[in-house]
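K.L.:
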Amino acid sequence: AQRVTQPEKLLSVFKGAPVELKCNYSYSGSPELFWYVQYSRQRLQLLLRHISRESIKGFTADLNKGETSFHLKKPFAQEEDSAMYYCALNEDTDKLIFGTGTRLQVFP
Amino acid sequence: GAVVSQHPSWVICKSGTSVKIECRSLDFQATTMFWYRQFPKQSLMLMATSNEGSKATYEQGVEKDKFLINHASLTLSTLTVTSAHPEDSSFYICSASGPFPLDEQFFGPGTRLTVL
Numbered sequence: 001a002q003r004v005t006q007p008e009k010l011l012s013v014f015k016g017a018p019v020e021l022k023c024n025y026s027y028s029g030s031p032e033l034f035w036y037v038q039y040s041r042q043r044l045q046l047l048l049r050h051i052s053r054e055s056i057k058g059f060t061a062d063l064n065k066g067e068t069s070f071h072l073k074k075p076f077a078q079e080e081d082s083a084m085y086y087c088a089l090n091e092d093t094d095k096l097i098f099g100t101g102t103r104l105q106v107f108p
Numbered sequence: 109g110a111v112v113s114q115h116p117s118w119v120i121c122k123s124g125t126s127v128k129i130e131c132r133s134l135d136f137q138a139t140t141m142f143w144y145r146q147f148p149k150q151s152l153m154l155m156a157t158s159n160e161g162s163k164a165t166y167e168q169g170v171e172k173d174k175f176l177i178n179h180a181s182l183t184l185s186t187l188t189v190t191s192a193h194p195e196d197s198s199f200y201i202c203s204a205s206g207p208f209p210l211d212e213q214f215f216g217p218g219t220r221l222t223v224l
């Protein structure tokens, strides 16, 4: 069963529009959730993690245990935000379970 | 920041041969290294987890004898695809985590394997 679900394969918005990349997870314990980003021709890198509760490059994500969600949001998208975004779950081990990813395209 | 390298970045081999891919942590000691496989336009699938000096732990469905993993030092892990076949063609990515912070993985750039 899919433990990390990213329902959108592609999300296209115009510059300045709000962005929300959806992520839902399935885990009965206390999850640790992450968002990773992969820019064109670059390696995968950590964007943010829920325990930090910080904003990186204007992105935030709140863990909602009731809805088992960890959606990534940004109020005003920029062209440089265009990339592949992966939600990932750490199940009390060092292992990361990745979602299928969402490609964000920000048009000028 | 922590840097992880992979070598080679791409490799083409004939069916039946073996291919070795190296993963190195350049500026930190990696207590744990992970190997992933990524098919085109799909997510990363964890293949195995390796800790320095011990046997790798393979995920369900991953053939241990097919994908040999060695983590001989705190800065080097190798993945050997034995008797490669065209279906082994894929993008292989390694990551490494060290003693700081324990739950962050730093990813290598990946190795594209094509088996003819």
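Chains A and B are the protein sequences, given in the same order.
Those letters in the first sequence? Residues 1 to 108, per our numbering, in order.
Those letters in the second sequence? Residues 109 to 224, per our numbering, in order.
Yeah, the Cβ is synthetic: ideal placement off N, Cα and C, and Gly gets one too.
Remember, predicted model here, so these are calculated numbers, not experimental data.
Just checking: is the beta-carbon of Leu187 of chain B within a distance shorter than 7 Å of some beta-carbon in chain D?
P.N.:
In summary, chain D is missing from the structure at hand, where the protein chains are A and B.
K.L.:
Would you kindly check if the distance between the Cβ of Ala192 of chain B and the Cβ of Cys121 of chain B is under 7 Å?
P.N.:
The answer is yes: Cβ separation under 7 Å.
K.L.:
Taking Cβ positions, are Glu167 of chain B and Leu154 of chain B nearer each other than 7 Å?
P.N.:
Yes; because the gap between Cβ atoms is below 7 Å, this pair is in contact.
K.L.:
Just tell me which of B:Gly124, B:Phe147, B:Glu160 and B:His115 has its CA closest to the CA of Pro207 of chain B.
P.N.:
For the residues B:Gly124, B:Phe147, B:Glu160 and B:His115, the minimum Cα distance to Pro207 of chain B belongs to B:Glu160.
K.L.:
For Ser158 of chain B, which residues of its own chain have a beta-carbon under 6 Å away from its beta-carbon, when the five flanking residues on both sides are left out?
P.N.:
Within the same chain, Ser158 of chain B has close Cβ partners Met141, Ala164, Ile177, His179 and Ser185.
K.L.:
Which one or two residues does DSSP pair with Ala156 of chain B in a beta bridge?
P.N.:
DSSP output for Ala156 of chain B lists B:Trp143 and B:Tyr166 as bridge partner(s).
K.L.:
Tell me, to the nearest whole angstrom, how far the beta carbon of Pro108 of chain A is from that of Lys15 of chain A; I am working on the premise that it is less than 8 Å.
P.N.:
About 5 Å; that satisfies the 8 Å criterion.
K.L.:
Compare the C-beta of Leu46 of chain A against all C-beta atoms of chain B and say whether one is closer than 7 Å.
P.N.:
It does; some Cβ of chain B falls within 7 Å.
K.L.:
Which residues of chain B have a Cβ atom closer than 7 Å to the Cβ of Gly99 of chain A, listed in chain order?
P.N.:
The contacting residues are Ser151.
K.L.:
To the nearest whole angstrom, what separates the beta carbons of His50 of chain A and Phe70 of chain A, a pair I think is in contact under 8 Å?
P.N.:
Between Phe70 of chain A and His50 of chain A the Cβ distance is about 6 Å, and since that is below 8 Å, they are a contact.
K.L.:
Go through the stretch 167-208 of chain B residue by residue and report every complete run of the alpha helix (DSSP H) that reaches 4 residues or more, in order.
P.N.:
For the stretch 167-208 of chain B, not a single whole alpha helix (DSSP H) run of length 4 or above is found.
K.L.:
Can the beta-carbon of Gln146 of chain B be found closer than 7 Å to that of Phe215 of chain B?
P.N.:
Contact: no.
K.L.:
Answer yes if the stretch 77-93 of chain A comes into contact with the stretch 37-45 of chain A, meaning at least three C-beta pairs across the two stretches below 8 Å, and no otherwise.
P.N.:
The stretch 37-45 of chain A vs the stretch 77-93 of chain A: in contact.
K.L.:
Quick one: list the residues of chain A neighbouring Thr140 of chain B, beta-carbon separation under 9 Å, in chain order.
P.N.:
Near Thr140 of chain B (Cβ distances below 9 Å), the residues of chain A are Asp94.
K.L.:
At the level of alpha carbons, what is the spacing between Ser123 of chain B and Cys202 of chain B?
P.N.:
Taking the straight line joining both Cα atoms gives about 23 Å.
K.L.:
Taking only runs of the beta strand (DSSP E) that begin and end inside the stretch 45-85 of chain A, which ones reach a length of at least 3 residues, in chain order?
P.N.:
If we require 3 residues or more, the beta strand (DSSP E) runs fully inside the stretch 45-85 of chain A come out as 45-49 and 72-74.
K.L.:
With C-beta atoms as the reference, is Lys74 of chain A less than 7 Å away from Val19 of chain A?
P.N.:
The answer is yes: Cβ separation under 7 Å.
K.L.:
Comparing C-alpha positions only, which one of A:Trp35, A:Ala17 and A:Gly66 sits nearest to Ile97 of chain A?
P.N.:
Taking only the C-alpha atoms, the option nearest Ile97 of chain A is A:Trp35.
K.L.:
Between Phe175 of chain B and chain A, is any beta-carbon pair separated by less than 7 Å?
P.N.:
Not an interface residue.
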